[in-house]
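In my numbering, the protein residues as written are 2 to 366.
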């Protein structure tokens, strides 16, 4: 694997090195990576401290000429009695976690001019708009390719500057809304291959590949399979508190009693991630979305797949659909499973395999 180091704000590559790296790419989340750079692999003309400066530089991972993952370097270290530099990297989403969502100018964050008021928008349109606001500030540019999409709709979102909420937080809240869009910052080479750029992928509401699903089958490219059913989040009622105090507090609510009517206990869950929300309809939409995700618990499959056969590592992305056919046994029912990829993990200690985290595919796909 080749390690590319470059300027985050321009995307320009400033060094290419050999090294080992692990990464995890996630849907609607930042993801992370860690790389070890042996000092004897660094040419003498390269200042390893200069090209790994936290936040100023990024690390990208090239596998067979394809950029698998990239993001800003945050911490780095050279441990005692070692001859290597270790860098830890977060996805581009992390930059937006560090940018307050507000319109900046010669006014305070409490001034109404700092507010971001969006009207007649779709949820994907809101996501695109708030990313544009985060870029449109002094020193805010990034090598980010924004999608062309129809942003019109019947929604309104009000983000007040005095709330000091980050753009990343607001994006995460959008993904949790009813029919909220999948979001992903996907790195790739620029056409001249002298640098990289990120493509802002926005689902409507789901991200997926064109054409047919990828196939992973036991005895071929599927080497291992497991499942995880987490009932700790199961709920028949979701409550989402918003702005206000005591009896004036806004609370979104959604209930589905299908399981309690056939023997399950009534279970409530309070989601406290939207305490600044001032619109009751938005809180209700959040509650509906959380209930849809949690009313039967959370099920995740894990697949260990080969990276050296079709589909190769780098050809599938988070959000893509797969058809999975594991070996049946007493704990695994026979037949194919329709899933979508929510995370891709690669470890340099096992370079011939990758681990896919999979969720049931929505009925709309």
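Backbone N, C-alpha and C fix where the C-beta goes; we use that ideal spot for every residue, glycine too.
Computed from a predicted model, the values in this text were never measured in an experiment.
TODO: Inspect the CB distances between the segment 190 to 209 and the segment 11 to 29 and report whether three or more fall short of 8 angstroms.
DONE: By the Cβ test, the segment 190 to 209 is in contact with the segment 11 to 29, since at least three Cβ pairs between them sit closer than 8 angstroms.
Open item on the list: Closer than 7 angstroms to a non-hydrogen atom of the ligand FMN - does that hold for the CB of residue 343?
Closed with: The model depicted lacks the ligand FMN and carries no ligand whatsoever.
Open item on the list: Can you check which of these residues, 348, 193 and 187, is closest to residue 71 by C-alpha distance?
Closed with: Closest in C-alpha terms to residue 71, from the list 348, 193 and 187, comes 187.
Task: Option nearest residue 128 by Cα separation, candidates 141, 147 and 113 - done: The shortest Cα separation from residue 128 among 141, 147 and 113 belongs to 147.
- [ ] Please report how far the alpha carbon of residue 102 lies from the alpha carbon of residue 275, in whole angstroms.
- [x] If I take the Cα positions, the gap works out to 15 angstroms.
- [ ] Tell me whether residue 233 sits in a helix, a strand or coil according to DSSP, three-state version.
- [x] Three-state DSSP puts residue 233 in a helix.
Task: Cβ-based neighbour list, residue 93, same chain, cut-off 6 angstroms, excluding 5 preceding and 5 following - done: Excluding five sequence positions before and after residue 93, the CB atoms of its chain that fall closer than 6 angstroms to its own CB belong to 72, 186 and 199, given in chain order.
Task: Exposed unless 16 or more other CB atoms sit within 10 angstroms - verdict on residue 84 - done: Classification for residue 84: exposed.
Open item on the list: Is it buried or exposed, residue 222, if we count other Cβ atoms within 10 angstroms and call 16 or more buried?
Closed with: It counts as buried.
Task: Range of the contiguous beta strand (DSSP E) that encloses residue 215 - done: From DSSP, the beta strand (DSSP E) with residue 215 extends over 215 to 218.
Open item on the list: Rounded to the nearest angstrom, what separates residue 122 and residue 153 at their Cα positions?
Closed with: Going from the Cα of residue 122 to the Cα of residue 153 covers about 4 angstroms.
- [ ] Closer than 6 angstroms by C-beta to residue 351: which residues in its own chain qualify, once you throw out the five before and the five after it? Chain order, please.
- [x] Contacts found: none.
- [ ] Taking residue 341 and residue 323 to be in contact with their CB atoms under 8 angstroms, please state how far apart those CB atoms are, rounded to whole angstroms.
- [x] Right, the Cβ-Cβ distance comes to about 7 angstroms (below 8 angstroms), so this counts as a contact.
Open item on the list: One question on the structure: do residue 354 and residue 303 come within less than 8 angstroms of each other, judged by their Cβ atoms?
Closed with: No, these two residues do not count as a Cβ contact at 8 angstroms.
- [ ] Measuring alpha carbon to alpha carbon, tell me which of 217, 144, 100 and 156 ends up nearest residue 317.
- [x] Closest option to residue 317, judged by alpha-carbon separation, among 217, 144, 100 and 156: 217.
Open item on the list: Can you confirm whether residue 262, when its beta carbon is compared against all beta carbons of chain C, has any partner nearer than 8 angstroms?
Closed with: Absent from the structure is chain C; it holds one protein chain and no more.
TODO: Using the DSSP secondary-structure output, state which residues sit across from residue 78 in a beta bridge.
DONE: Beta-bridge pairing by DSSP links residue 78 to 87.
Open item on the list: Do residue 115 and residue 367 have their beta-carbon atoms positioned less than 8 angstroms apart in this structure?
Closed with: Here the chain has residues from 2 to 366 only, and residue 367 is not among them.
Open item on the list: By the three-class DSSP mapping on this structure, what secondary structure does residue 52 have?
Closed with: DSSP places residue 52 in helix when its eight states are reduced to three.
Task: N- and C-terminal bounds of the beta strand (DSSP E) containing residue 354 - done: From DSSP, the beta strand (DSSP E) with residue 354 extends over 354 to 361.
Task: Distance between beta carbons of residue 89 and residue 75, contact taken as under 8 angstroms - done: Your pair residue 75 and residue 89 checks out as a contact, with CB atoms roughly 6 angstroms apart and the cut at 8 angstroms.
TODO: Less than 8 angstroms between the CB atoms is what I'm expecting for residue 23 and residue 10, so what's the real figure, rounded?
DONE: That belief does not hold up - the Cβ atoms of residue 23 and residue 10 are roughly 26 angstroms apart, past 8 angstroms.
Open item on the list: I need the straight-line Cα distance from residue 286 to residue 175, nearest angstrom please.
Closed with: Between residue 286 and residue 175, the C-alpha separation is close to 10 angstroms.
Task: Of the residues 325, 336 and 356, the one placed nearest residue 314, counting alpha carbons only - done: Closest by alpha carbon: 356.
TODO: Would you check if the segment 232 to 246 and the segment 261 to 276 touch, i.e. whether three or more CB-CB distances between them fall below 8 angstroms?
DONE: Here the segment 261 to 276 makes contact with the segment 232 to 246; the two share three or more CB pairs at distances below 8 angstroms.
TODO: Under 8 angstroms by Cβ, that's how I've got residue 346 and residue 25 pegged, so tell me the actual separation to the nearest angstrom.
DONE: Yes, residue 346 and residue 25 are in contact; Cβ-Cβ is about 4 angstroms, under 8 angstroms.
Task: residue 343 to residue 219 span [Cα, whole Å] - done: The alpha-carbon of residue 343 is positioned some 20 angstroms away from that of residue 219.
Open item on the list: Just verifying my parser: in three-state terms, what is the DSSP assignment at residue 280?
Closed with: Coil.
- [ ] Kindly indicate the opening and closing residues of the beta strand (DSSP E) around residue 303.
- [x] Element bounds for residue 303: 299 to 307.
- [ ] Per DSSP, which residues does residue 96 bridge with? Please list them.
- [x] In the DSSP output, where bridge partners are listed per residue, residue 96 has none listed.
Task: Integer-rounded CB distance, given that residue 63 should sit under 8 angstroms from residue 5 - done: Right, the Cβ-Cβ distance comes to about 6 angstroms (below 8 angstroms), so this counts as a contact.
Task: Beta-carbon proximity list for residue 245, same chain, < 7 angstroms, skipping 5 on both sides - done: Cβ neighbours of residue 245 beyond the five flanking positions: 251.
Task: residue 12 versus residue 256 - alpha carbon distance - done: Separation of residue 12 and residue 256 (C-alpha to C-alpha, rounded to the nearest whole angstrom) is 47 angstroms.
Task: Range of the contiguous alpha helix (DSSP H) that encloses residue 134 - done: That run of the alpha helix (DSSP H) goes 124 to 136.
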